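Peer 1:
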Amino acid sequence: MDLAQAVLVVMWAGLTLYALLAGADFGGGVWDLLSGRSRTGMGRRRLIETSIGPVWEANHVWLIFVIVLLWTAFPAVFASVMSTLYIPLTLAALGIVARGTAFAFRKAATELWQQRLFGAAFAVSSVLTPFCLGTVAGAIASGRVPPGLARGDILAAWLNPTSLLSGVLALMVCAYLAGAYLCDDATRAGHPGLAEWFRVRALAAALAIGAVALGGMVVLRSDAPPLFSGLTHRALPLVVASAVFGVASLLLLYRRAYLPGRIAAMLGVVAVMWGWPLAQYPLMLLPSLTYDRAAAEPAVLAATLVVIAAGSLLVVPPMVWLFAVQRRSLRDAGTPE
Amino acid sequence: MGAWQSVLSAAGPASPADLIAARMQMAVSLGWHIVLACLGVGMPALMLLVEWRAIRTGDADYRRLAHQWAKAIGVLFAAGAVSGTVLSFEMGLLWPGLMGAYGQVIGVPFATEGVAFFVEAVFLGIYLYTWDRLPPRVHLLTGVPVLLAGTASAFFVVCANAWMNRPQGFVLSGGVARQVSPWRAMFNPAVPHETLHMIVAAFMTTGFLVAGVYAAGMLRGRRDRYDLLGFLVPFTMAALLTPVQILVGDFAGRSVATLQPTKLAAAEALFRTQARAPLSIGGLVSGDRLRYALEIPAGLSLLMGGSPDTVVQGLDRVPPADRPPVAIVHLAFDAMVGAGFLLLLLSAWLGVTWWRRRGLPRSPWFLRLAAVSGAVAVLAVEAGWTVTEVGRQPWTVYGHLRTSDAVNPAPALWTGFVVVALVYAVLTVFTLYVLRLIRWSERPVAPQEPDRAPGPGVS
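Those protein sequence lines, which keep their order, are chains S and L. Using our numbering, you'd call the opening residue of the first sequence number 1 and step up by one each time. Using our numbering, you'd call the opening residue of the second sequence number 1 and step up by one each time.
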C-alpha cells in the first residue's frame, strides 16, 4: 500500500465513523421532528436528548478531520468539490450551525414556546444537513464534479436523479440508525414502551430504505452508468453484504433483539460506505482524475500519517472513557417516560 | 501530478462583487468564531482555578462559580465547535484557489489543530458529565487536558495563519507548490509573535468578558461575596496579562517590521521610507498622505530600532497595486493599541486601590468601565485580526497568491454571504440570550450535563 492509499483508507474510516455517529445524531433530530405534539412527544424527546447529550457535536470533529485530510492529501479534489458544490455544502454547514446551537439552546430555554422554536430549528436542520451531504456524495459519484475550480454546473451537479436519490437515502439511513440506537437505549434505560414506539418506526424506515435502494439501482443505471457498473461488478460483494446486514437488522429488530439489530444496522452502513469508493477506485473524480495523480507529495502524506498516529494515541483512550461514562449513566439514571 | 494544472485553471475570474462577498463572509464567520475561540481557550483556566480553590478551601462560593462557568463553557463550546466546522468548509467554499494550490503545504498545522480540538472536545464531555461521578481531585484533573488542548489548538491554527504571512517550505514551479516540507512551513518565522499575541489575547479577552458580566451585576446591586469573586478572579487574570500583552505587542510590531514591512507601514500609515519616522496616531488617509494625525517625532524609528536614526520602510517601496487599504489597517491598528492602553489604565486603577486598601475603587465609574471592558477587549481582538488580514492584502499567501486568484470563481457568492450573515445575526442574538438565562438559573443547561446531577455543593 502506498502512502496515498494509506491516507485514503484513514480518511474513509473517518468518514465512516462520521456517518455512523453523527448519522445517528441527525437521525435523532429526524425522530424529534416526528415525535408528535409537545406533551405526547416529551418522553421520546427526552430519550433522544439524553442519548445525544454527552458526545453531542463532538461528532463533527470527524467531519473536520475528513475535510482537513482531503485538502492536505488531495488538494485538487478538495478544491474541485468545494467550489462546484458550494451551494449544498453551504446549506449543510448552516444546518450544522443551526442544529448544534439549537440543541444547546433548547435545553437552556425555560418557556415552552422557546423550546418549540429551538426544537423545530434542531429538527429541521437535522433533516437538511444529511440530505445536502447526501446530494454531494451523489454529485461526486455520478461524475458531475470535474477537476478544476467551479468547473461543474453549480446547480445541476447536485440537483439530479443520483444526488436526490443519495440525499434521500442518507436521510433515511440516519433515521434508521437512530431508531435502532434509540430502541436499544430505551430498553437499557428501562422504558420498553418507548422502545416499542421507536421499533415500529425503525422497521418502517428499514422497509422504505430497501424499496428506495432497489428503485435507486434503476435510477443509477440510466443516470450514472459508470457507478452502476462498479457497484454491480467490483463492489458487488459489498452491495450484497449491505443488503444482507440490512435484512438481518430488520429481522433482529422485529424480534426485539436490539443490540444485535443495532450492530447489523451499523455493518450495513459500513458496507455501503466502502462499496462506493470500491466501485470507482482508482478514480477520485470522474472521468479521469485518479487518487495517485491527485495526491500531495510523499513528505506531506508521511507527516499527515504521523500526526494521525500520534493523535489516535491521545484521543482514543479518553474517547473510550467518554463512551463508557455515557453508557453507564444512561443505565443508572434512566429517563422519565 | 497533471491534475494540478487543471485545478488552477478556473472557470472564469470571480466578479469584484463576489470577491467582496467572499471576503465579507469570511470576515463575519471568522470574526464570530474568534470570540468563541478566545473564550474556549480562556474559560477552562478560570473554571479550573475556581474549582481548585473550591477543593482546597471547601468554599461554597468558589464551587458555585466553577459550576456556573462550566455550564457557560458547555454552551460556548457548542457554538464554537459548529462555527469552527463552518470555517473548515469555507476554506474550500470561498478559497478553493488557495486550498487547491497550497492545501498540502498548510495541511499539517490544521491536522494537528484537529487532534487538539478532538482531545478538548472529549475531555470537556468527560468533565461536564462527571461532576458528581468522580472524586473531586480526579474530576479537576479531567479538566486540565481541556485547558492544554484549547491552548494548543489556538497555537496550531495560528501557525497556519502565520504561514500565510510568511510562506515558506515549498518551491513554486509553474504556479504550483512543489518540494513541500510541511514542518518547515508550519514553524515559520511569523509563528512566535503571532501565536503568543493571540494566546495572551484569548486569556485577556476571557478575563475582561467574564468580569464584565459580574461588574454589570454589581452595578445592579448584586454585591454578595459570590459576585465579588466572580468579578475579581477573571479581572485579576486579565489585568495581570495586560502589561504582558503590551510587551508582546511591541515584539510583534518589530517582527512584522522585518517580515512584512508593508504591513507595518500600512498600520502606521507611513508612506515615505525615512529615518526619524514619526509615530502617527489617528488622522485621515487621503491619497498618499496622512493628515491631521497626532505625531510623535521619530517615535516609530525609536520603537523599531531603539534609535531615531533607524530607517523605517514606507509604502513607497511597493507599487500601489501591492499595497493594502491603508486607511482601514491604520484605523484598526490604532483601535487595537488604544483599546490595549485603556485596559491597562483600568487594570492599574484596581491595582492601586487594592494595594492601598484591599478593595475596589469606590467610584461607580470603575464598575461601569469594567462592565464594558470585555467589549473593549473584543474590539481589540477584532481590530488586531483586521490588521493581520487586511494588512496582508492584496495577498492571501504573502507575495505568492493574490486574494482575487484564491476566491471561488463560481457565480452568485453574494447570495451565500447574505444568508450566512443573517444566520450569524440570529445566532448572536440567541447566544447572548441563552447566556443570560444561564446566569439566573441553577438548572443544568449544558447539553452534556445529565439532568439529574446537581453540581456538587450547589444549594
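For glycine and all other residues, C-beta sits at the position ideal for the given N, C-alpha and C. All figures in this text were calculated on a predicted structure; none of them were measured in a lab.
Do Gly-42 of chain L and Ser-249 of chain L have their beta-carbon atoms positioned less than 8 angstroms apart in this structure?
Peer 2: A small correction: the amino acid at residue 249 of chain L is Gly; Ser does not occupy that position in the sequence shown. Going by C-beta atoms, Gly-249 of chain L is not nearer than 8 angstroms to Gly-42 of chain L.
Peer 1: Quick one: does the C-beta of Pro-96 of chain L sit closer than 7 angstroms to a heavy atom of the ligand GTP?
Peer 2: The ligand content of the structure shown is nil, which means the ligand GTP is not present either.
Peer 1: Would you verify that the beta carbon of Val-61 of chain S is, or is not, closer than 8 angstroms to some beta carbon of chain L?
Peer 2: Yes - at least one Cβ of chain L is within 8 angstroms of the one on Val-61 of chain S.
Peer 1: For the putative contact between Val-158 of chain L and Thr-195 of chain L, defined by C-beta atoms under 8 angstroms, what is the C-beta separation to the nearest angstrom?
Peer 2: With a Cβ gap of about 5 angstroms, Val-158 of chain L and Thr-195 of chain L count as contacting.
Peer 1: Does any residue of chain S bring its CB to less than 8 angstroms from the CB of Leu-48 of chain L?
Peer 2: No, its Cβ sits nowhere closer than 8 angstroms to a Cβ of chain S.
Peer 1: For the stretch 283-309 of chain S, list the beta strand (DSSP E) runs that are entirely contained and at least 3 residues long, ordered along the chain.
Peer 2: Complete beta strand (DSSP E) runs here, min 3: 283-285.
Peer 1: Rounding to the nearest angstrom, what Cα-Cα distance links Ser-312 of chain S and Arg-178 of chain L in this structure?
Peer 2: In a straight line, the C-alpha of Ser-312 of chain S is about 29 angstroms away from that of Arg-178 of chain L.
Peer 1: I'd like to know if Glu-337 of chain S contacts chain L, where contact means its C-beta is closer than 8 angstroms to some C-beta of that chain.
Peer 2: Only weak support exists for where Glu-337 of chain S lies, its pLDDT of 37 falling under 50; the value from the coordinates is given anyway. Output row for Glu-337 of chain S: interface = no.
Peer 1: Does the beta carbon of Pro-96 of chain L sit closer than 8 angstroms to a beta carbon anywhere in chain S?
Peer 2: It does; some Cβ of chain S falls within 8 angstroms.
Peer 1: When the Cβ atoms of the stretch 304-324 of chain L are set against those of the stretch 271-281 of chain L, are three or more pairs found closer than 8 angstroms?
Peer 2: They touch, by the three-pair rule.
Peer 1: Does any C-beta atom of chain L lie closer than 8 angstroms to the C-beta of Met-319 of chain S?
Peer 2: With 8 angstroms as the cut-off, Met-319 of chain S counts as an interface residue toward chain L.
Peer 1: Per DSSP, Trp-478 of chain L is paired with what?
Peer 2: Residue 478 of chain L lies beyond the stretch modelled for chain L, which goes from 1 to 459, so this question has no answer here.
Peer 1: So, helix, strand or coil for Ala-293 of chain L, using DSSP?
Peer 2: Looking at Ala-293 of chain L - three-state DSSP - the assignment turns out to be coil, as it is neither helix nor strand.
Peer 1: Are Leu-476 of chain L and Thr-242 of chain L close, meaning C-beta to C-beta below 8 angstroms?
Peer 2: As shown, chain L starts at 1 and ends at 459. That puts residue 476 of chain L outside it, with no answer to give.
Peer 1: Quick check: what's the CA-CA separation for Ser-15 of chain L versus Pro-411 of chain L?
Peer 2: Near 8 angstroms, if we compare the C-alpha coordinates of Pro-411 of chain L and Ser-15 of chain L.
Peer 1: How many Å lie between Ser-249 of chain S and Ala-421 of chain L at the Cα?
Peer 2: Ser-249 of chain S and Ala-421 of chain L: Cα-Cα distance of roughly 44 angstroms.
Peer 1: Whole angstroms is fine: what's the gap from Leu-289 of chain S's alpha carbon to Phe-170 of chain L's?
Peer 2: Each residue's alpha carbon lies about 24 angstroms from the other.
Peer 1: Taking 6 angstroms as the limit between beta carbons, can you name the residues of its chain near Arg-44 of chain S, skipping five residues before and five after?
Peer 2: Correct list, in chain order: Ser-35.
Peer 1: How about Ala-224 of chain S and Thr-162 of chain S: are their beta carbons less than 8 angstroms apart?
Peer 2: In this structure, Thr-162 of chain S lies closer than 8 angstroms to Ala-224 of chain S by Cβ.
Peer 1: What's the gap between the Cα of Phe-74 of chain S and the Cα of Arg-220 of chain L?
Peer 2: Taking the straight line from one Cα to the other gives about 56 angstroms.
Peer 1: Rounded to the nearest angstrom, what separates Ser-88 of chain L and Val-81 of chain S at their Cα positions?
Peer 2: Going from the Cα of Ser-88 of chain L to the Cα of Val-81 of chain S covers about 14 angstroms.
Peer 1: Just the chain L side, please: which residues come within less than 8 angstroms of Thr-90 of chain S by C-beta, in chain order?
Peer 2: The answer, in chain order, is Phe-89, Leu-93, Gly-416, Val-419, Val-420.
Peer 1: May I ask you to verify whether the stretch 250-257 of chain L touches the stretch 223-241 of chain L, counting CB pairs closer than 8 angstroms and requiring at least 3?
Peer 2: The stretch 250-257 of chain L vs the stretch 223-241 of chain L: no contact.
Peer 1: For the stretch 28-39 of chain L against the stretch 79-98 of chain L, do three or more pairs of beta-carbon atoms, one drawn from each stretch, fall closer than 8 angstroms, so that the two count as touching?
Peer 2: The stretch 28-39 of chain L, when compared against the stretch 79-98 of chain L, does touch it at the 8 angstroms Cβ threshold.
Peer 1: Is the Cβ of Met-82 of chain S closer than 8 angstroms to any Cβ of chain L?
Peer 2: Yes - at least one Cβ of chain L is within 8 angstroms of the one on Met-82 of chain S.
Peer 1: Compare the beta carbon distance of Ala-371 of chain L and Gly-125 of chain L with 8 angstroms and say whether it is the shorter of the two.
Peer 2: In this structure, Gly-125 of chain L does not lie closer than 8 angstroms to Ala-371 of chain L by Cβ.
Peer 1: Taking only beta-carbon positions, decide if Trp-71 of chain S is within less than 8 angstroms of chain L.
Peer 2: Taking Cβ atoms only, chain L reaches closer than 8 angstroms to Trp-71 of chain S, which makes this a yes.
Peer 1: Identify which residue in L:Ala-265, L:Leu-303, L:Met-204 has its Cα closest to the Cα of Val-244 of chain L.
Peer 2: Minimum Cα distance to Val-244 of chain L is reached at L:Met-204.
Peer 1: Give the interface partners of Leu-322 of chain S over in chain L, defined as CB-CB distance under 7 angstroms, in chain order.
Peer 2: The contacting residues are Val-122, Gly-125, Ile-126.
Peer 1: Check whether the Cβ atoms of Ala-185 of chain L and Ile-106 of chain L lie closer than 8 angstroms to each other.
Peer 2: Yes, they are a contact pair.
Peer 1: Would you identify the three-state DSSP class for Arg-436 of chain L, choosing helix, strand or coil?
Peer 2: Of the three classes helix, strand and coil, the one that applies to Arg-436 of chain L here is helix, per DSSP.
Peer 1: Can you find the residues in the same chain that come closer than 8 angstroms, C-beta to C-beta, to Val-339 of chain L, ignoring five residues on each side of it along the sequence?
Peer 2: Note on residue identity: the sequence assigns Ala, not Val, to residue 339 of chain L. Around Ala-339 of chain L: Val-376, Ala-377, Leu-379, Ala-380, Ala-383.
Peer 1: Tell me whether the beta-carbon of Ala-156 of chain S lies closer than 8 angstroms to the beta-carbon of Ser-83 of chain S.
Peer 2: No, they are not a contact pair.
Peer 1: Can you check whether the C-beta of Gly-43 of chain S is within less than 8 angstroms of a C-beta belonging to chain L?
Peer 2: Not one chain L Cβ lies under 8 angstroms of Gly-43 of chain S.
Peer 1: So for Arg-178 of chain L, helix, strand or coil by DSSP?
Peer 2: Strand, per DSSP.
Peer 1: Starting from Ser-80 of chain S, follow the alpha helix (DSSP H) in both directions and report where the run begins and ends.
Peer 2: Start and end: 75-84.
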